[in-house]
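To keep things clear, I will list the structure first and then write my remarks on it.
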Amino acid sequence: MSDLKTAALEYHAHPRPGKLSVELTKATATARDLSLAYSPGVAEPVREIARDPELAYKYTGKGNLVAVISDGTAILGLGNLGPLASKPVMEGKGVLFKRFAGIDVFDIEVDSESPQAFIDTVKRISITFGGINLEDIKAPECFEIERALIEQCDIPVFHDDQHGTAIVTAAGMINALEIAGKTLPEAKIVCLGAGAAAISCMKLLVSMGARIENIFMVDRTGVIHSGRDDLNQYKAVFAHATDKRSLADALKGADVFVGLSGPNLLSAEGLLSMAPNPIVFACSNPDPEISPELAHATRSDVIMATGRSDYPNQVNNVLGFPFIFRGALDVRAKRINEEMKVAAANALRELAKLPVPQDVCDAYGGAPLEFGREYIIPKPMDKRLITLISDAVAKAAIETGVATLPYPKNYPLKSVDDVFSG
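Counting from 2, one number per residue, gives the positions in the sequence shown under our numbering.
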């Protein structure tokens, strides 16, 4: 761990501090170049944008620029460490946007005294961007912040901790259920955790066919049920009549366990009480709710996913958000709606069933990868992600009327290099 700490600090500090920089996209070699880049030539696009604001997409980088914004109240698994401490994470998110989808990012850390102040700040600067990715904002404030900004902004606003996690989880879970010979509408699902990611995961699963009466969400008090009077409006959606009160009660006969809570909270006894071919998504990082070693030693029939890259079936948000924004930006969508999220999850799910190219296998040690218990979710290095997910999202935006541009000429994209080819 000390070696990792040293390497991480060195990586962020040298050869220059941070992970992002601004690059020039036009020639600046001559006096004429500079006269076009700034005064007097810059006055011409200014006049055009003043005449028609939509021309900002033609004459500036707005259409390929996403703001990654946080107040630092829920940084990774580290908690509320403040906006400045969140900056390395926001820069890191920018790296992933650029590396996987060719999207430019400004990371913005907001020192706000209230959710409303945060909302007001983001709304006022939103015209700069083609989209807004909210990050590391604690629940339940994150729900209201996202809702308000979606209503007030005419560009996509997406809280990745909620929806990115949900999309990747849904894709992997439906594949795991298929392998286990089960279906989402019939599956009994236990969700340990009731924060932003957990609630969004369960909401998306319901959109894709799960039944609320089959979902048992468990918070620090126990099972969320209709007899409780301490539930906020977001948890209350999942309250229904049941005599289950504890995690142990909920696990008996369950088909699926989704952990978005903390380390080592799923016991071997709890896993043993689940139905045949149990599906376990233990997504707490860095230590999952149950270690894969213990899970497999306890149940030979378990299908296991975690949030870690050193085990099979990593639930990794980078499988979703770069390509979701790519598709949304390329048809100039006004928002990312539920249909676009479902389309992304289905595209991701289907990609896992396709033959895996050798270069992807080589990137993960060379062993063959094929759809099955240890490969229910694609790998981040799969170049087909930008092809399939961006395409599915763009089409869903067009079909649901939130796109303002037609299907792009350069679609489906084959790689990041294709982004500006059309």
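Idealized CB from N, CA, C, for every residue including glycine.
Reduced DSSP secondary structure (H/G/I, E/B, other) of residue i
i           : result
residue 75  : coil
residue 377 : coil
residue 288 : coil
residue 337 : coil
residue 217 : strand
residue 271 : helix
residue 1   : In the structure as shown, the chain begins at 2 and stops at 423. Residue 1 is therefore absent and cannot be evaluated.
residue 193 : strand
residue 105 : strand
residue 420 : coil
residue 403 : coil
CA nearest to the CA of residue i, picked from the options
i           : options               : result
residue 292 : 275, 319, 274 and 260 : 260
residue 133 : 416, 139, 195 and 67  : 67
residue 335 : 164, 95 and 131       : 131
residue 112 : 340, 81, 231 and 200  : 81
residue 216 : 125, 255 and 394      : 255
residue 103 : 386, 398 and 397      : 386
residue 344 : 138, 191 and 321      : 321
residue 166 : 205, 246, 232 and 229 : 205
residue 100 : 405, 384 and 389      : 384
residue 338 : 226, 174, 350 and 325 : 325
residue 298 : 317, 269 and 278      : 269
residue 209 : 308, 168, 218 and 183 : 168
residue 350 : 295, 180, 137 and 20  : 180
residue 341 : 223, 164, 244 and 227 : 164
residue 69  : 316, 126 and 117      : 126
residue 416 : 395, 382 and 55       : 382
residue 32  : 365, 26, 41 and 25    : 41
residue 118 : 145, 272, 78 and 246  : 145
residue 201 : 238, 175 and 186      : 238
residue 175 : 360, 364, 249 and 352 : 352
residue 275 : 253, 267 and 266      : 253
residue 211 : 221, 224 and 188      : 188
Residues of its chain near residue i, where Cβ-Cβ distance is below 6 Å and the 5 sequence neighbours each way are ignored
i           : result
residue 312 : 293
residue 264 : 285 and 288
residue 173 : 306, 377 and 378
residue 149 : 120
residue 107 : 68
residue 242 : 227
residue 160 : 135, 143 and 147
residue 413 : 388 and 392
Limits of the unbroken alpha helix (DSSP H) element including residue i
i           : result
residue 98  : 88-102
residue 259 : Unbroken run through residue 259 is the beta strand (DSSP E), 257-260; no alpha helix (DSSP H).
residue 209 : Here residue 209 belongs to no alpha helix (DSSP H), and DSSP marks it neither H nor E.
residue 4   : 3-14
residue 361 : 359-364
residue 252 : 248-252
residue 235 : 234-237
Proximity test, residue i beta-carbon vs the ligand SAM heavy atom, cut-off 7 Å
i           : result
residue 251 : As far as ligands go, the structure on display features none, and thus does not contain the ligand SAM.
Boundaries of the beta strand (DSSP E) in which residue i is found, first to last residue
i           : result
residue 400 : It is not in any beta strand (DSSP E) - residue 400 instead sits in the alpha helix (DSSP H) that spans 385-400.
residue 283 : 280-283
residue 120 : No beta strand (DSSP E) contains residue 120, which is instead part of the alpha helix (DSSP H) from 116-126.
residue 134 : 132-135
Same chain only: Cβ atoms within 8 Å of residue i, ignoring 5 sequence neighbours per side
i           : result
residue 407 : 332 and 399
Cβ shell of residue i (< 7 Å), same chain only, five flanking positions each side left out
i           : result
residue 86  : 73 and 76
residue 207 : 213
residue 327 : 102, 104, 387 and 391
residue 184 : 178
residue 203 : 192, 216, 218 and 239
residue 140 : 196 and 197
What runs of the beta strand (DSSP E), each 3 residues or longer, lie entirely inside the region 144-183? 158-160
Can you check the region 21-69 for any alpha helix (DSSP H) of at least 4 residues that lies completely inside it and give the ranges in chain order? 32-38, 44-52 and 57-60
Can you list the beta strand (DSSP E) stretches of 3 or more residues lying completely in the region 295-331, in chain order? 304-307
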